[in-house]
Amino acid sequence: MIHPDHILLAVCYAFGVEPEDIWGPSRNRMLSEPRKITAYLLRKLTEMKLVDITLYLNRTDHTTCMYWLRTVEEKLKGEIYRKLVSKIEEDLVNDQEKLAEASDLCSRHPVLREGTRHSYNWHRLQWILQRMPGQEVPVSGAGPAESGRPAETNN
3 MIHPDHILLA
13 VCYAFGVEPE
23 DIWGPSRNRM
33 LSEPRKITAY
43 LLRKLTEMKL
53 VDITLYLNRT
63 DHTTCMYWLR
73 TVEEKLKGEI
83 YRKLVSKIEE
93 DLVNDQEKLA
103 EASDLCSRHP
113 VLREGTRHSY
123 NWHRLQWILQ
133 RMPGQEVPVS
143 GAGPAESGRP
153 AETNN
């Protein structure tokens, strides 16, 4: 099983975009196509659920991911799109050295960076990424406010 960060970086290299762009809110086609392919490859090459893929790509509704998968599967009927996706998959297998920078990618993820605003999502994403092989996920030593639990007071 391949780590999600490796898949994201392979797609970013193929399209010449940054991971922050894929995680970002833009609906621009230059960013939405890589996002769709990332979702497709995450579903195909990992054991992530739709909800997990949606959370990893910084979205809120799993039906968005369902739409992405349906769209990519439809476009895979075309030869050019199929070659593009298979080239990215091939790069994932062959170019593991190029993907070495995935180790610091977790610290750049918007949900993991802004844990106070997304307490449930922060814990869920951290749990998902810790289950993946080959990479350590930084466990925050943050206080209870970031964990989503109310601070305890001694009265």
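Take the sequence shown: its position 136, counted from the start at 1, is 138 in this note's numbering, and no numbers get skipped.
Positions of the beta carbon are idealized from the N, C-alpha and C atoms, including for glycine.
#1: Is the beta carbon of L57 sitting closer than 7 angstroms to the one on L107?
#2: Quick one: residues in its chain with C-beta nearer than 6 angstroms to the C-beta of W25, no 5 flanking neighbours on either side, listed in chain order?
#3: Write down the C-beta distance between T66 and M3 rounded to the nearest angstrom, noting that I regard them as a contact closer than 8 angstroms.
#4: Taking DSSP as the reference, what is the three-state secondary structure of P21?
#5: Do you know offhand how far V79's Cα is from P36's?
#6: Assuming M68 contacts I130 (C-beta within less than 8 angstroms), just tell me the rounded distance between them.
#7: In its own chain, which residues sit with a C-beta less than 7 angstroms from the C-beta of E22, not counting the 5 before and 5 after it?
#8: Is it right to say V63 is buried, meaning 16 or more other beta carbons lie within 10 angstroms of its own, or is it exposed?
#9: Return the CA-CA distance between I39 and Y122, expressed in angstroms with no decimal places.
#10: What are the start and end residues of the alpha helix (DSSP H) that includes H64?
#11: Please name the residue, chosen from P27, L43 and G18, that lies closest to H5 on a Cα-to-Cα basis.
#12: Can you give me the C-alpha to C-alpha distance between T73 and N30, rounded to a whole angstrom?
#13: Below 7 angstroms CB to CB, which residues in the same chain sit around I55 once its five sequence neighbours on both sides are set aside?
#14: Skipping 5 residues on each side, what residues in its chain have a beta carbon closer than 6 angstroms to that of D93?
#15: Taking the straight line between their C-alpha atoms, what separation do you get for L33 and G18?
Reading off the structure:
#1: No; because the gap between Cβ atoms is not below 7 angstroms, this pair is not in contact.
#2: Only N60 and P112 meet the Cβ criterion.
#3: Contact doesn't hold; Cβ gap of about 23 angstroms is too wide.
#4: The answer is helix: DSSP assigns P21 an H, G or I state.
#5: In the sequence as displayed, the identity of residue 79 is Lys instead of Val. About 17 angstroms.
#6: That pair is no contact at about 18 angstroms.
#7: The answer, listed in chain order, is R110.
#8: In the sequence as presented, Val is not what sits at residue 63; that position holds Asp. Answer is exposed; the Cβ neighbour count stays below 16.
#9: Computed Cα separation, rounded: 26 angstroms.
#10: First-last of the alpha helix (DSSP H) with H64: H64 to K77.
#11: Per the C-alpha coordinates, the member of P27, L43 and G18 positioned closest to H5 is L43.
#12: If I take the Cα positions, the gap works out to 16 angstroms.
#13: Excluding residues within five positions, the ones whose Cβ falls inside 7 angstroms are A41, L44, R45 and C67.
#14: In chain order, A12 place their CB closer than 6 angstroms to the CB of D93, counting only its own chain and leaving out the 5 sequence neighbours on each side.
#15: Distance between L33 and G18, taken at the CA atoms: about 10 angstroms.
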